[in-house]
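Trainee: With numbering that gives the first Met the number 0, letter number 107 in the sequence shown gets 106, and the count goes up by one each step, no holes.
Yeah, the Cβ is synthetic: ideal placement off N, Cα and C, and Gly gets one too.
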Amino acid sequence: MTAMRILGVGSSLPQRVVLNAEIEALTGMPHGRIRELFGVDERRWSRGVESADPPEGQRCSDLAAAAGAAALADAGIDPAEVDLLVAVTTTPDCLNPPFDALVARKLGLVGALGFTLSAPCTGVFRGTALAEAMLASGRARRALVVAAETLSPFFRFGPTIPKDHCLNSVLYADGAGAWVLGTEGTREPKIELLDIELAQLDEEPGVMFPGMLSATPPSLERFSSCDDLGYHDFRRVLAKGGRLAAEAAERVMKKLGVGTDDVRFFVTHQATGNMHRIGASYGLPPEKIPVNIDRVGNTVSASILLLLDELKREGRLAAGDLLVLHTAESSTWSSAGMAIRW
Numbered sequence: 000m001t002a003m004r005i006l007g008v009g010s011s012l013p014q015r016v017v018l019n020a021e022i023e024a025l026t027g028m029p030h031g032r033i034r035e036l037f038g039v040d041e042r043r044w045s046r047g048v049e050s051a052d053p054p055e056g057q058r059c060s061d062l063a064a065a066a067g068a069a070a071l072a073d074a075g076i077d078p079a080e081v082d083l084l085v086a087v088t089t090t091p092d093c094l095n096p097p098f099d100a101l102v103a104r105k106l107g108l109v110g111a112l113g114f115t116l117s118a119p120c121t122g123v124f125r126g127t128a129l130a131e132a133m134l135a136s137g138r139a140r141r142a143l144v145v146a147a148e149t150l151s152p153f154f155r156f157g158p159t160i161p162k163d164h165c166l167n168s169v170l171y172a173d174g175a176g177a178w179v180l181g182t183e184g185t186r187e188p189k190i191e192l193l194d195i196e197l198a199q200l201d202e203e204p205g206v207m208f209p210g211m212l213s214a215t216p217p218s219l220e221r222f223s224s225c226d227d228l229g230y231h232d233f234r235r236v237l238a239k240g241g242r243l244a245a246e247a248a249e250r251v252m253k254k255l256g257v258g259t260d261d262v263r264f265f266v267t268h269q270a271t272g273n274m275h276r277i278g279a280s281y282g283l284p285p286e287k288i289p290v291n292i293d294r295v296g297n298t299v300s301a302s303i304l305l306l307l308d309e310l311k312r313e314g315r316l317a318a319g320d321l322l323v324l325h326t327a328e329s330s331t332w333s334s335a336g337m338a339i340r341w
């Protein structure tokens with residue numbers, strides 16, 4: 000693969016902080032039980048207090064633009080220098096205009112070629128693979144990959160809501176992460192290896208949210224009545240997702256010819272608060288698995304870059320550190336891994 004330099008990293012979170020006590024009032028699940036099951040103490044929501052609609056400046060494209068602006072500032076790059084934008088989300092503001100166009104306009108990316116990817120937990124890896132192809136071909140010199148999610152406006156509460164959907168509102172949260180990539184120069188950090196394996200398990204999705212467009216014809220009333228909330232098979236996802244994520248890390252280490260002792264951090268998709276236990280069960284050292292799900296929840300595609308930006312801002316990364324980023328995606332039963340030399 001083309002050697003890609005990480006020129007800057009950034010992230011953004013909604014203003015609203017939602018503690019477990021508020022979740023308990025909405026769902027009836029005791030706050031202690033929430034902590035026990037998911038390891039989450041608080042999360043950020045973009046939805047308003049009085050309605051599900053996000054207030055001004057808190058929509059998905061707003062969070063994406065804020066994360067992108069932070070990454071550009073970290074890189075010391077003017078928006079006009081970006082010629083490729085890959086915008087990843089499963090919760091765009093609207094179907095048309097495309098998500099990348101909304102983000103580009105808010106960032107002032109004039110003339111940048113844009114792509115929108117609808118991809119959850121492997122989204123950053125897919126988006127980075129697309130950026131790598133464009134950089135290698137010479138079609139772009141500097142790429143901005145941003146991943147953002149605002150799931151909270153889709154949450155529904157009440158006695159008729161299915162249990163698995165209530166659990167979704169306990170676990171999932173909103174946020175955005177971004178990084179700027181380029182091929183020029185020799186400085187670290189750089190991406191040394193990118194590995195994606197799609198559809199490893201030939202079975203029904205573990206997570207699926209059809210939304211109102213699955214109705215024939217599309218019906219806002221049907222969505223509002225919760226007929227199209229989809230499902231989340233928590234038991235199956237927990238049983239298989241951890242193994243897929245660990246296998247992604249193992250593939251990266253094998254291809255690089257390194258072991259766990261050589262890795263500074265395993266930057267894992269924040270799927271659950273049990274990441275230490277799950278990682279240890281597959282041979283990954285718990286002390287090398289940083290977590291922030293306790294403070295931000297599961298932010299789906301944004302998760303990896305949110306955590307990476309946090310590690311960078313806290314000064315926990317040193318020159319020469321080897322990082323293994325890895326994830327699993329239960330909606331497609333896919334996994335992905337990446338090696339970064341900081």
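Measuring alpha carbon to alpha carbon, tell me which residue in P54, V257, K253 and P289 is nearest Q269.
Mentor: The residue labelled residue 269 in the question sits at position 270 within the sequence shown. Per the Cα distances, P289.
Trainee: With distances taken from CA atoms, which of L307, G258, A20 and G319 is nearest V123?
Mentor: Here the question's residue 123 lines up with position 124 in the sequence shown. For the residues L307, G258, A20 and G319, the minimum Cα distance to V123 belongs to L307.
Trainee: Just to check my reading of the structure: R43 and A172 have Cβ atoms closer than 8 angstroms, yes? What is that Cβ distance to the nearest angstrom?
Mentor: As a first step, residue 43 must be located in the sequence shown, where it is residue number 44. As a first step, residue 172 must be located in the sequence shown, where it is residue number 173. Contact flag correct, Cβ pair sits at about 6 angstroms.
Trainee: By DSSP's criteria, N297 is part of a beta bridge. Which residues make up the other side?
Mentor: For this step, residue 297 is matched to residue 298 along the sequence shown. Beta-bridge pairing links N297 to Y171.
Trainee: In whole angstroms, what is the alpha-carbon distance linking V145 and A130?
Mentor: Position 146 of the sequence shown holds residue 145. Position 131 of the sequence shown holds residue 130. Computed Cα separation, rounded: 11 angstroms.
Trainee: Who does R351 pair with in a DSSP beta bridge?
Mentor: Lying outside 0 to 341, the shown extent of the chain, residue 351 is not represented and no answer is given.
Trainee: Can you tell me where the beta strand (DSSP E) with E21 in it begins and where it stops?
Mentor: What you label residue 21 is simply residue 22 of the sequence shown in a count that begins at 1. Unbroken run through E21 is the alpha helix (DSSP H), N19 to T26; no beta strand (DSSP E).
Trainee: How long is the line joining the alpha carbons of N167 and G184, rounded to whole angstroms?
Mentor: Here residue 167 refers to the residue found at position 168 of the sequence shown. Here residue 184 refers to the residue found at position 185 of the sequence shown. Their backbone Cα atoms lie some 43 angstroms apart in a straight line.
Trainee: Taking the alpha helix (DSSP H) that N67 belongs to, which residues open and close that run?
Mentor: Taking the sequence shown and counting its residues from 1, the one referred to as residue 67 is at position 68. Here residue 67 turns out to be Gly, not Asn, going by the sequence shown. Per DSSP, G67 belongs to the alpha helix (DSSP H) from C59 to A74.
Trainee: Which of the three DSSP states is assigned to E55 in this structure?
Mentor: On the sequence shown, residue 55 is found 56 positions in, with the first residue counted as 1. Coil at E55, not helix or strand.
Trainee: Would you kindly work out how many angstroms separate the C-alpha atoms of K311 and L322, rounded to a whole number?
Mentor: Locating residue 311 in the sequence shown gives position 312, where the first residue counts as 1. Locating residue 322 in the sequence shown gives position 323, where the first residue counts as 1. The alpha-carbon atoms of K311 and L322 are separated by roughly 12 angstroms.
Trainee: Three or more C-beta pairs under 8 angstroms: does that hold for the segment 53 to 61 against the segment 147 to 160?
Mentor: Remark: three or more beta-carbon pairs, one from each stretch, lie closer than 8 angstroms, so the segment 53 to 61 and the segment 147 to 160 are flagged as touching.
Trainee: Looking only at its chain, what residues have a beta carbon closer than 8 angstroms to the beta carbon of I33, apart from the 5 residues adjacent to it on each side?
Mentor: Counted from its first residue, the sequence shown places residue 33 at position 34. Hits under 8 angstroms: N19, I22, E23, V39 and V169.
Trainee: Exposed or buried, T159, counting other C-beta atoms within 10 Å across all chains shown (16 or more means buried)?
Mentor: Numbered from its first residue, the sequence shown carries residue 159 at position 160. By the neighbour-count rule (16 or more Cβ atoms within 10 Å), T159 is not buried but exposed.
Trainee: Would T115 and A70 be called neighbours here (beta carbons separated by less than 8 angstroms)?
Mentor: Taking the first residue of the sequence shown as 1, we reach residue 115 at position 116. Taking the first residue of the sequence shown as 1, we reach residue 70 at position 71. Between T115 and A70, the C-beta spacing is not below 8 angstroms.
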